[in-house]
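From first to last, the protein sequence lines are chains A and B.
FYI, the numbering for the first sequence is 1 to 710, going by the working numbering.
FYI, the numbering for the second sequence is 1 to 466, going by the working numbering.
Cβ atoms here follow ideal geometry from the backbone N, Cα and C, with glycine treated the same way.
Read through the structure below, which is laid out as structure tokens, and then see the notes.
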Amino acid sequence: MIIILSLCFVLQNQRFYEYYDEGMRAFQQEDYEDAIAALELAIKLDPESSANKKTYGVQLIKYYPYHHLTYAHLILGHEDKARAYLEQAKRYGEDRDDMVRSKLTLYEGYLGRNEPPTSVASSPDITGVTELISVGNYSGALQVIRNLQSDYPDDESLEALSAFAEEAIRTNSALTSIQKRIEQDVGDTLAKARTSEIQGDLESAYFFYQLVDRMLPLANDEARAFIQRYESSLGQNDSQEQIEFLETRLHELQDDNASLLARVQDQNQERENLDKRIGDLQLQTEQAKRLTTRIAPSVSIEWISNQVGDLFEFSAAITSNVSLLQAELSVNQKIVKEWDIRGRRTFKIPALTQTDIPIQEGLNQFDLVITDYLSQSHTKSYRTNISHPDDNTLMVGLRIAIVGLCFILLFAFILLQRRQRIAFRERFNPYIAGAPVLSDSMFFGRRSLLRQILNTLHNNSLMICGERRIGKTSFLHRLHAVLPDVDDNEYEFIPVLIDLQGVSEIDFFAFLDHEISGTLQARGLETEDYDGPIDARVFVHRLRKSIQLLKEACEKNPKLVLLLDEVDVMNSFSERTNQQLRSVFMKGFARHIVAVMAGIHISKRWKSEGSPWYNFFEQIELKAFSDIQAKTLITEPVKGVYSFTKEAVDQILLLTDGKPYLIQKICVNLVAHILNENRRKITLEDVRYVFQEIQRDFQQAVDDLNPELI
Amino acid sequence: MDQRNPFIAGRWVTSPHFYGRVALIDDLIESHETCHWVIGKRRVGKTSLLRQLEQQVQAKGSSFALFWDVQGSYDTHGLADSFFDAIEDSRDMFPLQWNTIDLQLNAQMACHQALKQLARIITRKYDNLILLIDEAEEFINIGRQDADYLSKMRKIMQHTNGLRTILCSTTRLEQLHQVASLDTSPFLHGFESRFIGNLEHRETLDLLSSGLELHSVAEEIFTLTEGNPFETQLVAKHVFENPDIEMVCQEMETNPSLVQVIEVNFDLLNDIEKNIMKDVFCGKSSLEHFQTAQERNYISRLLKLGYLTTLAESSLAVTSHFVRKWLAARFESSPAFHAQHHSDASLSQNDSISILRQLPGLYKYYLETAGRQQRISNPEFCFRISNYDGTIYPDRLAIKHEDYTASEPAWFVAIRELLILVETFLKRDSSWTLYRLFQMAETGDQYAETDYLDIMLLISDEAELS
């Protein structure tokens, strides 16, 4: 997983020339799709072509991606793109190269012969314009006309329509202002009429209501009702003189308000003219509509999505045969963006990334709803699988983790290199030929046996037999090291390492007592001093007390593990002493004692009638290493610092027969030899050379291991 | 940590690790006899039996038990030391019981006096003092040095009120008669002898179920060991670590601990018992083959001790797969291992085919002799041929060896000496292959030992076919 992530990281951080290199390789293998993908990534990072592009250091390459892209797109039938890249190739000067120029000429000739039918009609499509005009949207129509004029700058009909639209906008504006003024005047006059009516000046009220009635093309209900009410009252109650008076009064009022009336009349006239003009325009529009060929609206979309690493980009190119009004993008049913594309037939949605759109890991749906000038909607959908979620936090975290990991790896690598240098400088030679192995890192080949013994030691005493230098002492040392840490539910193991080499029979029990007391003292437990000679009985007595001390001090049941090395000396002891030792293990406190003894062999010459002292020990033979164990001992200690060839390892196995001491002996000399030669690899020749050098010592060691063969 | 191995093949055990022996323990506790001698071979569980008895008696409370390991005592002083040590050990193990006992022993006191005093004090509080003496073979050493002292000990053991004694030892203790001639009755007179043999089938399965789940595996182990406690524990211990019982079985056949115990136990037997074992192994399995009362007595004892077992139709068999394997290896290594019987005839010219057939085996014996830098001086009278299985074996009573130093390797000396034997009973040209063997031996050192072995095997095969 780490490797994959690291690779992603590495790939994601590729330089332009690496993409270019990838693209060129794919190109040469005629894998044009991959070539395009890689080259496009390259130009995205560095769009400038160059005959001598600097990559890293002083490395220069010929960086001409565009003519390759042109060719690749030509092969795949993407003539539009080929044409675009052809232009780019020229733009960035790739045609300065003779060969590239000849190729570009060739491509150009091909593309020229296959010129696509132009999407721009010989005469502009003004259907959108007329439709807008027909609904009175003159400013919308004017915008569409101007768009069209960018494609058809010399088209007369567009010019006329433009003038008309401008005129219509102006007229409409004037009409609107007149209407506003009329409405204001009507409001004022109505206010005056109401005020006069309230004040009882019915004549003035009658006049103002009459004025309102004349100002508006349609009757004002309020004014009309008052006028009828007033005139009927006059007919029933008032004399003719009063009516005449009112008429006179009305004329006077008319005179007083002559300017107002004139303005009302002017406004009415102006409005009529404008209505007429609009009628003419509408007539012209209708005629234009009839002249324009009806085109069935069609919209096509090229979806563009690209994912590089965790970066997702989305875009789409809209192409239509009619003018468009609006485009609306939804992602996964959520509207994310709208574009006003009034009057346009093509439109490319700007590139959107996961920060702009709500994409998610897995299948995502993109819906584009495009509305054309006829308000007809065209819905296009696109589905794509996105492998990385738009989880910036996660991605950032992941990146940080990967960067951190890379740093750790780098740090570890540097440390390793440093360690190797130091090891080499300090003549690192971990093999031990002679002394027992004390460190865990150099303990090889016996771990399985160690585990097995640890699993049985709580109940069983053992005797480890094996030839000289087979690793018995090292094994006891390892037991001594691991026993205190054994996690046992019932027992706490207290190992006592006792080397019997050179111990005389007379001192035997005193020596055991001394070693056990020393172990207890190291744990802070003080045993009683005893000045007299320590024989078997005294030893048993003191051992019983020592175990009592341990029982009081330990949380679990104490298990004193006597690790007795070089027990061969006991072969020279009397059978009585041996039996006395055996009797120790028959005591009641013996449940708190086990022993692991190590020796070459036990004398089976047992003359006594009693039980042989050794017969309650299970004997375990420590054998030479298997090939696998031996190989581990040869190679592991110097791993990362020195190395062995396979032949060298095989030769060592052959010479040593899996004897750990001999392996260590030859390896210690091998490392010394290559260090003298300032090398780090051990070869078959080294093994042969070293073996020859130490042959006498080696043979002596072999003889020491097998004294009976001498 | 892995699950701990529950099997114990070494130290003594008590409950809950102690299995079986129920009837024997009941008998030893409830018996009206005051002195018992429990006889068993090595590693059969004698110490565990005594420790279990001690635990049960102390738990019951009516009697008081004292375990006394006399091994290594060597003399009367050592015996006293071991006795005082036994008391100290018992105080350590059963402090509550000892709290009620007011015992003031003088360290300079002789063992028999201390024992008498202890018995007297203990019986004030308890019905009996049950003295559990382990490794009683040590009395042989003591008897060798002070036979009278054994009389005193015997007197106290057998005539002290409230004292009951249970001795445990191998059959070696019988030698006490020979090494210590007492003026009065022999030491073991008055001791009721009991035998401790193998565990019963049910008891063995109970033991195995403490760590092995599969009943079939337990049955298989019982088939191999036939209830020998040490062998059962040892095999189970290894099967616990490696469930491949077949592999474990092969390992056990050469396991030094097991082989050593088998050897020690075989050496405990007297010559008649050894011969019975060998004969039974060689196929003399019917009881009818053993006619004398002495033989029948020994067979009875070997059965009780667990050396032999009875199969269907009163046929005998050597108990334990591992003992059989050990015997097979011994027979394979040398014809000298064969049981010797006076009834077997000496080798004669009538046995020529048998000689040829057993040529490789005889070579082994000669090689063994040459390895000791000896040669047989009377080849014509030194071999017998078994009436039962036809094996030619050296007559240990008649054979004469003389020291011999040769410049040739031992194997060549063995070939040359063997051919002297062959020529005593056969003509060298009785077959082409035999002639060739003689020819090779006469041409000197241009042939390797393997060349001779090859031709001897060929001669053997030819004789087998004839």
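Any non-hydrogen atom of the ligand SAH closer than 8 Å to residue i Cβ
| i | result |
| --- | --- |
| L167/B | Ligands are entirely absent from the displayed structure, and the ligand SAH is therefore not among its contents. |
Residue i classed as buried or exposed, judged by whether at least 16 other C-beta atoms fall within 10 angstroms
| i | result |
| --- | --- |
| P409/B | exposed |
| V396/A | exposed |
| W12/B | buried |
| M277/B | buried |
| Y92/A | buried |
| K711/A | For residue 711/A there is no data in the structure shown, the boundaries of chain A being 1 and 710. |
| A114/B | buried |
| T656/A | buried |
| M157/B | buried |
| Q97/B | buried |
| E442/B | exposed |
| L457/B | exposed |
Rounded straight-line distance, which links the Cα of residue j to that of residue i
| i | j | result |
| --- | --- | --- |
| T473/A | A598/A | 7 Å |
| I353/B | R428/B | 13 Å |
| A624/A | I470/A | 7 Å |
| E18/A | E685/A | 43 Å |
| N52/A | D95/A | 14 Å |
| F314/A | Q360/A | 13 Å |
| C465/A | Q501/A | 16 Å |
| V369/A | K380/A | 6 Å |
| L720/A | M442/A | Absent from the model: residue 720/A. The displayed extent of chain A is 1 to 710, so no value can be given. |
| Y431/A | V584/A | 39 Å |
| L234/B | Q104/B | 43 Å |
| Q59/A | I43/A | 19 Å |
| T353/A | V129/A | 35 Å |
| G211/B | P335/B | 42 Å |
| A163/A | R214/A | 35 Å |
| Q88/A | S49/A | 9 Å |
Interface flag, residue i vs chain A, CB-CB below 9 Å
| i | result |
| --- | --- |
| Q71/B | yes |
| M1/B | Because M1/B sits at a pLDDT of 46, beneath the cut-off of 50, its placement in the model cannot be relied upon, and the following sentence gives the value as read from the coordinates. It does: the Cβ of M1/B has a partner Cβ on chain A nearer than 9 Å. |
| A336/B | no |
| F266/B | no |
| S333/B | no |
| N106/B | no |
| Y307/B | no |
| A9/B | yes |
| V261/B | yes |
| Y19/B | no |
Cutoff 9 Å: residue i Cβ touching any chain B Cβ
| i | result |
| --- | --- |
| H458/A | yes |
| R582/A | yes |
| G588/A | yes |
| V594/A | yes |
| D507/A | no |
| F312/A | no |
| T577/A | yes |
| A401/A | no |
| D488/A | yes |
| P612/A | yes |
Cβ distance (whole Å) where residue i is taken to contact residue j below 8 Å
| i | j | result |
| --- | --- | --- |
| A553/A | R591/A | Actually they do not touch by this definition, with Cβ atoms about 17 Å apart. |
| A86/B | F67/B | 6 Å |
| V166/B | H36/B | According to the sequence shown, residue 166/B is Ile rather than Val. Yes, I166/B and H36/B are in contact; Cβ-Cβ is about 5 Å, under 8 Å. |
message = Beta carbons nearer than 9 Å to chain A: which residues of the segment 209-223 of chain B have them?
response = none
Check each residue of the segment 133-156 of chain B: if its Cβ is closer than 8 Å to any Cβ of chain A, include it; give the result in chain order. Only those residues of the segment 133-156 of chain B whose C-beta falls short of 8 Å from the nearest C-beta of chain A are listed: D134, E135, E137, E138, I140 and N141.
- What are the residues of the segment 36-51 of chain B that lie near chain A, defined by any Cβ-Cβ distance shorter than 7 Å? R42, R43 and T47
Residues, ordered as in the chain, of the segment 366-390 of chain B that lie near chain A by beta-carbon distance below 7 Å
none
Can you pull out the residues from the segment 529-548 of chain A whose beta carbon lies closer than 8 Å to at least one beta carbon of chain B? A536, R537, V540, H541, R544 and Q548
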